[in-house]
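Structure record follows, encoded as structure tokens.
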Amino acid sequence: GNSVTQMEGPVTLSEEAFLTINCTYTATGYPSLFWYVQYPGEGLQLLLKATKADDKGSNKGFEATYRKETTSFHLEKGSVQVSDSAVYFCALISYNTDKLIFGTGTRLQVFP
Amino acid sequence: DAGVTQSPTHLIKTRGQQVTLRCSPKSGHDTVSWYQQALGQGPQFIFQYYEEEERQRGNFPDRFSGHQFPNYSSELNVNALLLGDSALYLCASTTQLLAGGFEQYFGPGTRLTVT
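Just so you know, the protein sequences line up as chains V and L, in that order. Just so you know, our numbering puts 87 at position 40 of the first sequence, and the rest follows in order with no gaps. Just so you know, our numbering puts 858 at position 97 of the second sequence, and the rest follows in order with no gaps.
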């Protein structure tokens with residue numbers, strides 16, 4: 048079945064460091080891929096998305112590229128801020144459904 | 762434009778009781794999905810409602826049921842609560858993208874604690 052695997056956290060970085068959070072997926076067909084962010088005590092916010100191979104999603108300095116050959120959608124940011132501290136979820140929707148399948152989440156902690 | 766809203770924010774129930782959670786989707790969205798997020802885990806799909814019918818269901822027992830009203834708002838009901846039902850319950854409304862595929866917007870969630 049469809050699944051998403053994320054790197055385990057927490058990821059601890061100093062402000063202005065480079066961020067990578069790895070995400071790989073297993074799916075039939077051509078899924079759409081998403082990154083959601085969850086700040087403490089809040090629900091999920093859509094951070095970025097990509098709907099087909101080689102698409103790059105970007106928002107607020109974060110980027111992720113849909114790599115079909117490696118079934119990956121790694122999240123990157125060139126310079127993190129303390130305010131980026133949150134839990135990040137990689138997710139997919141397979142082509143014939145609108146049910147989201149999530150990874151287990153990766154906690155990011157950024158220190159000044 | 763109001764986003765997805767959920768009520769109540771927090772709820773404490775005792776084992777064996779029943780609970781009802783409520784959700785109003787984003788304006789213009791007609792599809793509502795419910796997810797359960799246990800502590801430290803990713804959300805798990807419970808079910809989805811469209812045109813007042815359950816369209817898809819995840820791997821959850823029949824104790825979990827729902828309803829959608831003509832104004833697209835939705836309820837999640839859980840009967841015979843277990844300690845393991847303690848979680849954040851998230852509602853999401855869906856829009857279909859012009860470029861294909863779907864996009865879901867989430868509410869802030871209802872934190873259910875079962876004691």
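Glycine included, C-beta positions come from ideal geometry on N, C-alpha and C. Model, not experiment: these values are computed from the prediction.
So is residue i in contact with chain L if we call contact Cβ pairs under 8 Å?
| i | result |
| --- | --- |
| residue 136 of chain V | yes |
| residue 107 of chain V | no |
| residue 104 of chain V | no |
| residue 89 of chain V | yes |
| residue 149 of chain V | yes |
| residue 56 of chain V | no |
| residue 144 of chain V | yes |
| residue 93 of chain V | yes |
Taking only beta-carbon positions, decide if residue i is within less than 8 Å of chain V.
| i | result |
| --- | --- |
| residue 876 of chain L | no |
| residue 851 of chain L | yes |
| residue 855 of chain L | yes |
| residue 766 of chain L | no |
| residue 815 of chain L | no |
| residue 825 of chain L | no |
| residue 866 of chain L | yes |
| residue 803 of chain L | yes |
| residue 792 of chain L | yes |
Going by Cα to Cα distance, which pick from the options is closest to residue i?
| i | options | result |
| --- | --- | --- |
| residue 153 of chain V | V/145, V/122, V/130 | V/122 |
| residue 841 of chain L | L/778, L/816, L/851 | L/778 |
| residue 70 of chain V | V/135, V/157, V/156 | V/135 |
| residue 73 of chain V | V/155, V/156, V/157, V/148 | V/148 |
| residue 60 of chain V | V/125, V/139, V/144, V/137 | V/125 |
| residue 807 of chain L | L/786, L/853, L/872 | L/853 |
| residue 873 of chain L | L/848, L/802, L/855 | L/848 |
| residue 827 of chain L | L/845, L/844, L/843, L/850 | L/850 |
| residue 117 of chain V | V/101, V/106, V/141, V/130 | V/101 |
| residue 66 of chain V | V/140, V/138, V/132, V/78 | V/132 |
Under the three-state reduction of DSSP, which class applies to residue i: helix, strand or coil?
| i | result |
| --- | --- |
| residue 844 of chain L | helix |
| residue 130 of chain V | helix |
| residue 811 of chain L | strand |
| residue 800 of chain L | coil |
| residue 828 of chain L | strand |
Looking at the unbroken beta strand (DSSP E) that takes in residue i, where does it start and where does it end?
| i | result |
| --- | --- |
| residue 838 of chain L | 835-839 |
| residue 106 of chain V | 103-106 |
| residue 111 of chain V | 109-112 |
Tell me, please, whether the segment 819-838 of chain L touches the segment 778-787 of chain L by the rule of three or more beta-carbon pairs shorter than 8 Å. yes
Quick one: any contact between the segment 769-776 of chain L and the segment 792-804 of chain L, if contact means 3 or more CB pairs under 8 Å? no
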